[in-house]
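Engineer:
Protein chains in written order, with this note's numbering: chain A, 2 to 277; chain B, 55 to 290.
1. With 8 Å as the limit, tell me which residues of the segment 251 to 266 of chain B have their beta carbon closer than that to any beta carbon of chain A; keep them in chain order.
2. If the cut-off is 9 Å on Cβ atoms, which residues from the segment 211 to 242 of chain B count as contacting chain A, listed in chain order?
3. Alpha helix (DSSP H) containing residue 133 of chain A: first to last residue?
4. Here's a check: name, in chain order, each residue in its chain whose Cβ is nearer than 8 Å to the Cβ of residue 108 of chain A, leaving out the five neighbours to either side.
5. When you compare only the Cα positions, how much space is there between residue 209 of chain A and residue 216 of chain A?
6. Quick one: which chain A residues come within Cβ less than 7 Å of residue 134 of chain B?
7. Closest by CA to residue 69 of chain B, which one among B/124, B/227, B/282 and B/253?
8. Under 8 Å Cβ-Cβ, which residues of chain B neighbour residue 254 of chain A?
9. Where does residue 272 of chain B sit, in a helix, a strand or coil, going by DSSP?
10. Check distances from the C-beta atoms of the segment 33 to 63 of chain A to those of chain B and list, in chain order, the residues that come in under 7 Å.
11. By Cβ distance, which residues of its chain are closer than 6 Å to residue 7 of chain A, with the 5 residues on each side in sequence left out?
12. Reducing DSSP to helix, strand and coil, say where residue 155 of chain B ends up.
13. Of all the CB atoms in chain B, is at least one closer than 8 Å to the CB of residue 128 of chain A?
14. Leaving out the 5 sequence neighbours to the left and right, which residues in its chain are closer than 6 Å to residue 64 of chain A when beta-carbon positions are compared?
15. In whole angstroms, give me the CA-to-CA distance for residue 206 of chain A and residue 256 of chain A.
16. Any Cβ of chain B within less than 8 Å of the Cβ of residue 264 of chain A?
17. Given that residue 122 of chain A touches chain B, what residues does it touch there, using C-beta distances under 7 Å?
18. Three or more C-beta pairs under 8 Å: does that hold for the segment 224 to 234 of chain B against the segment 83 to 103 of chain A?
19. Measuring only between beta-carbons, confirm whether residue 230 of chain A sits less than 8 Å from chain B.
20. Taking the C-alpha atoms as reference points, what is the distance between residue 140 of chain B and residue 232 of chain B?
21. May I ask you to report which of helix, strand or coil DSSP gives residue 161 of chain A?
22. Between residue 146 of chain A and chain B, is the shortest Cβ-Cβ distance under 8 Å, so that the two count as touching?
23. Residue 163 of chain B CB to nearest chain A CB: under 8 Å?
24. Unbroken alpha helix (DSSP H) runs of length 4 or more, entirely within the segment 171 to 201 of chain A: which are they?
25. Looking at residue 294 of chain B: is its Cβ nearer than 8 Å to the Cβ of residue 81 of chain B?
26. Taking residue 174 of chain A as the query, report the chain B residues whose CB atoms sit under 7 Å from its CB, ordered along the chain.
27. When we look at the beta-carbon of residue 79 of chain B and count the other beta-carbons within 10 Å, is it buried (16 or more) or exposed?
28. Comparing alpha-carbon positions, which option in A/58, A/151, A/35 and A/49 lies nearest residue 73 of chain A?
29. DSSP state of residue 104 of chain B, grouped into three classes?
30. Going along chain A in order, which residues have a C-beta closer than 8 Å to the C-beta of residue 204 of chain B?
31. Tell whether a beta-carbon distance below 8 Å holds between residue 117 of chain A and residue 237 of chain B.
32. CA-CA distance, residue 103 of chain A and residue 167 of chain A?
33. From the beta carbon of residue 177 of chain B, is the nearest beta carbon of chain A less than 8 Å away?
34. Could you check how far apart the C-beta atoms of residue 255 of chain B and residue 125 of chain A are, in whole angstroms? I think they sit under 8 Å.
35. Is the shortest distance between the beta-carbon of residue 248 of chain B and the beta-carbons of chain A less than 8 Å?
36. If contacts are defined as beta-carbon pairs under 8 Å, then residue 153 of chain A and residue 221 of chain A qualify, I think. What distance do you get, rounded to the angstrom?
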């Protein structure tokens with residue numbers, strides 16, 4: 002434990018900056034990778050996968066639902082997070098205080114509880130309000146997805162709103178003063194200087210928040226929205242197979258996370274100026 | 055029609071006692087899971103920093119897997135797999151199967167999940183210690199364990215505490231996911247109470263207040279603890 006340094010120096014394959022591939026393919030890594038591949042092959046050969054063709058279409062539909070939920074709620078949530086963050090930094094107290102309370106409540110209670118509160122709580126109140134029953138919204142409000150979307154959106158807005166507060170507050174004062182000195186109006190200043198600079202600051206943390214959001218989507222399966230997790234729960238109920246569906250499900254989320262991280266890295270490379 | 059306060063009364067016609075019992079279960083799982091998660095995290099951080107190449111790679115696989123797969127999937131997977139594996143191990147040794155208590159399984163699951171996050175937090179905190187301090191300890195001839203207890207642990211705590219506070223808050227909220235596997239913690243008993251009385255709104259709000267109280271109290275205490283740890287350190 003204590004002789005970490007000598008061991009590193011004595012290592013026969015010192016990492017050289019140019020050859021990243023040979024650095025990655027150390028001998029022990031090849032052995033580990035072979036063991037990993039062996040485990041996967043063993044899982045594919047010995048475990049039961051005969052249910053897979055029958056449920057293929059359902060799984061794809063569930064995957065699409067998960068991606069749709071992720072994209073829609075992240076974008077909507079971010080759009081709410083911007084005013085929530087801004088209100089806490091510059092807003093008058095009547096806006097700042099509710100925004101801070103909103104963030105505290107969302108971040109202080111479990112998402113599962115929020116989802117159930119909206120679905121069962123609001124869902125049980127609405128039928129007693131005649132105005133809502135007669136409105137054009139009623140056919141939608143009888144389904145589960147509006148509540149799922151609302152809960153996930155508010156959750157993203159709460160967490161990201163707190164991050165945006167820090168980002169808005171962290172934009173250097175000089176830049177904002179310079180914009181004011183140019184005679185920019187408040188809205189122009191926000192659109193041209195403050196928001197882009199704050200966005201640049203949150204971009205690295207946005208990946209983490211969105212991965213968290215992806216990992217939150219299975220919770221809406223508990224209110225009968227048939228996304229990826231719900232489909233696999235159904236497979237398990239139908240076939241009485243315990244582990245195989247869960248393992249494949251975990252693998253699919255792993256791949257989704259990897260794609261998400263890759264996409265955000267592309268975005269970050271495009272939006273960050275090269276000079277820095 | 056009973057009013058809100060009657061529903062939340064502590065004695066049996068009201069459901070307040072049931073809710074508090076569920077809350078107590080939540081707190082037990084959170085404390086147990088966080089405690090064991092810290093132990094896993096401590097071992098993981100040391101392994102990642104000082105272990106051999108194979109240990110490092112295996113730990114990287116562990117933290118990556120756990121942090122990329124939804125907690126709900128992990129909890130369902132580990133909740134069933136944990137009990138099965140334990141019984142398998144017992145039958146290999148020659149002992150009969152045991153019934154794993156829901157509380158024990160819950161603590162195990164939360165600990166495995168939080169251990170991965172704690173590993174990263176603690177690794178970062180240990181790396182933030184100036185190397186001179188560790189070298190000085192070595193120069194004094196301290197054994198690794200003594201050095202860990204006297205130098206590394208106290209020196210890294212101020213760096214680790216913000217991350218660990220965050221993890222503790224996440225842990226308290228993650229316990230709610232155990233409702234999906236049928237563990238009678240606060241969220242599940244709330245749903246049962248709400249379903250029995252059809253007063254969904256009141257009960258879910260009451261549970262929300264309990265969770266919020268736990269979060270805010272923890273925040274207050276952790277803030278104090280952090281100030282105490284940071285005394286004598288330069289600000290920022």
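Yeah, the Cβ is synthetic: ideal placement off N, Cα and C, and Gly gets one too.
For clarity, every value in this text was computed on a predicted model and none was experimentally measured.
Structural biologist: Taking the geometry as given:
1. 252, 254, 255, 258, 259, 261, 262, 265 and 266
2. 223, 226, 227, 228, 229, 230, 231, 233, 234, 240 and 241
3. Segment 131 to 135, the alpha helix (DSSP H) holding residue 133 of chain A.
4. 159, 160 and 163
5. 11 Å
6. Residues of chain A passing the Cβ test: 243.
7. B/253
8. 122, 123, 124 and 127
9. helix
10. Across the segment 33 to 63 of chain A, CB contacts with chain B closer than 7 Å involve 33, in sequence order along the chain.
11. Low confidence applies here, because residue 7 of chain A scores a pLDDT of 39, under 50, leaving its location unreliable and the question unanswered by this model.
12. For residue 155 of chain B, the three-state secondary structure derived from DSSP is coil.
13. no
14. 229
15. 20 Å
16. no
17. 254, 255 and 258
18. Output reads no: the segment 83 to 103 of chain A does not touch the segment 224 to 234 of chain B.
19. yes
20. 19 Å
21. helix
22. No, its Cβ sits nowhere closer than 8 Å to a Cβ of chain B.
23. no
24. 174 to 182 and 187 to 190
25. Limits of chain B in this structure are 55 at one end and 290 at the other, which puts residue 294 of chain B out of reach.
26. Under the 7 Å cutoff, chain B gives no residues; its nearest Cβ is about 18 Å from residue 174 of chain A.
27. buried
28. A/151
29. Three-state result, residue 104 of chain B: helix.
30. Simply none; closest approach about 13 Å.
31. no
32. 16 Å
33. no
34. Separation of the CB atoms of residue 255 of chain B and residue 125 of chain A is rounded to 7 Å, and the pair is thereby assigned contact status at 8 Å.
35. yes
36. 7 Å
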